[in-house]
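Structure first, commentary second.
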Amino acid sequence: MQFSSLLALLPFLAIATASPVDRSTDKRYNGVRIKSNRNGQCLSGPGDSFVDGVRVQTVDCANAQKWTINPGSGSIIHSSGLALDAGTGRDNNEIVKLWKSYPTLFQQTWYLTPDNRIAITGGDQCLDQGSWEGTQTWKCTTGNDNQVWFPIDDNGNALSSTGDGNNGGSTPAPGGNTPSPTIPVKDVYSDPKDGSHRLHPGGRQDLCVTVDFASVSNGTTVDISYCAPNDSENSKYQLFWITGGNRGEIKLRDFPDKCLDSNPFGENGQVVFINDCDKSAVSQRWDYRGDKLKIDDASVNQCLDVTLNSGRIETKPYDIEQRLQNWECVEGNTNQIFTIKYD
């Protein structure tokens with residue numbers, strides 16, 4: 001069974017164990033926003049009308065209302081005191097709305113899974129981005145990006161979906177050979193002769209730093225996927241203007257106004273994403289004079305990092321094999337080694 005498929009079963013396993021653990025006491029996030037991985041917007045009620053039955057939608061995170069949510073099973077409470085409610089919680093395409101809170105009510109009991117799904121505990125329905133009209137329920141499906149959500153703090157920092165505070169962590173034993181030992185090895189491709197390059201996680205020249213979903217919309221996350229051949233459309237999202245020993249912006253070859261960006265001033269575990277190039281942005285200046293990609297600012301010590309045990313996510317047009325994040329630079333951490341293949 002694939003790692004991501006196993007995670008999708010967690011809402012069902014939560015009620016199937018003989019002695020279930022109430023994780024609500026482990027970590028509860030109060031007054032946070034909940035960000036959609038699909039469009040980068042945040043969960044919110046419309047305007048300032050907070051009454052039973054108001055449909056929940058997504059809006060720009062700066063204007064979004066806040067929630068209380070905990071990893072594991074529990075109610076998700078809006079800043080008004082109303083709960084996130086899934087209708088019956090049993091069918092596809094039910095609107096998700098605000099409703100008076102009834103703790104333990106089936107359609108108001110959600111499970112924030114380690115792979116960032118918000119699922120009905122004991123059911124098979126997930127919170128789904130849906131259309132522009134608002135959120136809905138839909139059967140939990142591996143690889144459905146509409147169903148991936150991240151609690152974030154006031155600075156936009158992603159919070160751990162497991163309650164451990166590090167969003168996956170990055171603490172492999174120093175001296176390891178590769179951050180991706182269990183991923184099958186596939187084809188390796190030479191870089192084009194124009195000077196652009198692929199970035200590979202240490203020891204894996206078949207894997208590439210890749211913009212997710214073949215999209216260069218601002219805020220689109222950047223992770224690890226299998227490398228694509230030079231004549232593939234997908235290679236556009238893997239080829240960067242970058243050379244070892246240099247400092248500065250890392251631009252996509254085919255989209256030279258788009259740069260690798262980050263949030264180096266947040267906590268460990270921030271996602272890496274693509275954004276409009278901005279020469280004044282510290283978050284887009286990288287130091288690649290060693291074997292690490294480090295934010296080029298003396299006030300921070302953050303490196304590009306492969307999220308430990310992050311697992312495969314099925315997406316279109318290519319799958320994510322592992323996630324990327326910012327993490328404190330640590331000598332000997334092989335999850336922070338990135339290489340270029342020079343022919």
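Quick note: the sequence shown, position 52, residue 52 per the UniProt record's numbering, numbers continuous. Note that CB positions come from ideal geometry on N, CA and C, so glycine has one too.
Give the straight-line distance between the Cα atoms of K193 and K294, rounded to the nearest whole angstrom.
-> One-based indexing of the sequence shown puts residue 193 at position 193. One-based indexing of the sequence shown puts residue 294 at position 294. Each residue's alpha carbon lies about 26 Å from the other.
Secondary structure of K294, DSSP reduced to three states = As a working mapping, residue 294 is identified with position 294 in the sequence shown. Residue state, collapsed to three classes: strand.
Check the DSSP bridge columns for R97 and list the partner residues they point to.
-> For the purposes of this step, residue 97 is taken as residue 97 along the sequence shown, with counting starting at 1. Per the sequence shown, the amino acid found at residue 97 is Lys instead of Arg. According to DSSP, K97 bridges with R55 and D85.
How would you label residue 344, buried or exposed, when you count the other beta carbons within 10 angstroms and need 16 or more for buried?
-> As shown, the chain starts at 1 and ends at 343. That puts residue 344 outside it, with no answer to give.
Let me know if E249 comes out buried or exposed under the rule of 16 or more other beta-carbons within 10 Å of its beta-carbon.
-> Counting from one through the sequence shown, the residue named residue 249 turns up at place 249. It counts as buried.
Flag this pair as touching only if the stretch 97-108 and the stretch 60-69 have three or more C-beta atom pairs under 8 Å; answer yes or no.
-> no
Which class does Q336 belong to by DSSP, given the choice of helix, strand or coil?
-> Within the sequence shown, numbered from 1, the residue matching residue 336 stands at position 336. Helix at Q336.
With C-beta atoms as the reference, is D261 less than 7 Å away from N275?
-> For this step, residue 261 is matched to residue 261 along the sequence shown. For this step, residue 275 is matched to residue 275 along the sequence shown. Yes, they are a contact pair.
With distances taken from CA atoms, which of P103, V51 and Y111 is nearest N70?
-> If you number the sequence shown from 1, residue 70 lands on position 70. Cα-wise, what sits closest to N70 is Y111.
Determine the closest residue to I120 out of E267, P201 and S73, with distance taken between C-alpha atoms.
-> Within the sequence shown, residue 120 is the residue found at index 120, counting from 1. With distances taken between Cα atoms, I120 lies closest to S73.
Less than 7 Å separating the beta-carbons of V300 and P256?
-> Stepping through the sequence shown from its first residue, residue 300 is reached at position 300. Stepping through the sequence shown from its first residue, residue 256 is reached at position 256. For V300 and P256, no; Cβs fall outside 7 Å.
Selection from V148, L252, S280 and W99 that minimises the alpha carbon distance to V56 | Indexing the sequence shown from 1 puts residue 56 at position 56. Selected option, being the one with the closest Cα: W99.
With a 10 Å radius around its C-beta and 16 neighbouring C-beta atoms as the bar for buried, classify P184 as buried or exposed.
-> The residue you call residue 184 lines up with position 184 of the sequence shown. Result: exposed.
Using a Cβ-Cβ cut-off of 7 Å, state whether D60 counts as contacting chain B.
-> Absent from the structure is chain B; it holds one protein chain and no more.
Give the secondary structure of F106 by DSSP, where H, G and I count as helix, E and B as strand, and everything else as coil.
-> Translated into positions along the sequence shown, residue 106 becomes position 106. In the structure shown, F106 sits in a helix (DSSP, three-state: H, G or I).
Looking only at DSSP bridge pairs, what is G72 linked to?
-> In the sequence shown, the residue the question calls residue 72 occupies position 72. Beta-bridge pairing links G72 to L112.
Residue burial classification, Y237 (beta-carbon count within 10 angstroms, cutoff 16) = Mapped onto the sequence shown, residue 237 falls at position 237. When all chains shown are included, Y237 counts as buried.
F150 - DSSP class collapsed to helix/strand/coil | For this step, residue 150 is matched to residue 150 along the sequence shown. It is a strand residue.
Starting from the Cα of K66, find the closest Cα among Q41, R90 and A86 and give me that residue.
-> Start at 1 with the first residue of the sequence shown, and residue 66 comes out as number 66. The option with the nearest alpha carbon to K66 is Q41.
Quick one: is A298 buried, meaning 16 or more other Cβ sit within 10 Å of its Cβ, or exposed?
-> If you number the sequence shown from 1, residue 298 lands on position 298. Label assigned to A298: exposed.
From what residue to what residue does the beta strand (DSSP E) around Y29 run?
-> Residue mapping note: residue 29 aligns to position 29 of the sequence shown, counting from 1. First-last of the beta strand (DSSP E) with Y29: Y29 to S36.
In terms of residue numbering, what span does the beta strand (DSSP E) encompassing K139 cover?
-> The residue labelled residue 139 in the question sits at position 139 within the sequence shown. K139 -> beta strand (DSSP E) spans Q136 to K139.
Hey, D191 and K341 are a contact pair by Cβ (cut 8 Å); roughly how many whole angstroms apart?
-> For the purposes of this step, residue 191 is taken as residue 191 along the sequence shown, with counting starting at 1. For the purposes of this step, residue 341 is taken as residue 341 along the sequence shown, with counting starting at 1. Rounded, the Cβ-Cβ distance is 6 Å, consistent with contact.
What's the gap between the Cα of A214 and the Cα of G53?
-> On the sequence shown, residue 214 is found 214 positions in, with the first residue counted as 1. On the sequence shown, residue 53 is found 53 positions in, with the first residue counted as 1. Rounded to the nearest angstrom, the two C-alpha atoms are 37 Å apart.
Could you check if T162 is buried or exposed, using at least 16 other CB atoms within 10 Å of its CB as the buried criterion?
-> As a first step, residue 162 is located in the sequence shown; it is residue number 162 there, counting from the start. Looking at its Cβ environment, which holds 16 or more other Cβ atoms inside 10 Å, T162 is buried.
Using the Cα positions of Y226 and V51, report the straight-line distance between them to the nearest angstrom.
-> Numbered from 1 along the sequence shown, position 226 holds the residue referred to as residue 226. Numbered from 1 along the sequence shown, position 51 holds the residue referred to as residue 51. C-alpha separation (whole angstroms): 47 Å.
Kindly list the residues whose CB is nearer than 8 Å to the CB of P229, restricted to its own chain and excluding five residues on each side of it in sequence; keep chain order.
-> Position 229 of the sequence shown, counted from the first residue, corresponds to residue 229. D187, Y189 and S235, listed in sequence order.
Which residue from P317, W286 and R285 puts its Cα closest to that of S232?
-> The residue you call residue 232 lines up with position 232 of the sequence shown. Minimum Cα distance to S232 is reached at P317.
Return the bridge partner residues of D276 from the DSSP annotation.
-> Along the sequence shown, read from residue 1 onward, the residue named residue 276 stands at position 276. DSSP lists K258 as partners of D276.
What distance in whole Å lies between the Cβ atoms of S196 and F150, which are believed to be in contact at a cut-off of 8 Å?
-> As a working mapping, residue 150 is identified with position 150 in the sequence shown. As a working mapping, residue 196 is identified with position 196 in the sequence shown. Rounded, the Cβ-Cβ distance is 31 Å, inconsistent with contact.
Of the residues R323, R33, Q270 and V282, which one's Cα is nearest the Cα of residue 344?
-> No statement about residue 344 is possible, as the shown extent of the chain runs from 1 to 343 and does not include it.
What number of angstroms, rounded off, separates the C-alpha of G31 from the C-alpha of E321?
-> As a working mapping, residue 31 is identified with position 31 in the sequence shown. As a working mapping, residue 321 is identified with position 321 in the sequence shown. The straight-line gap from Cα to Cα measures roughly 32 Å.
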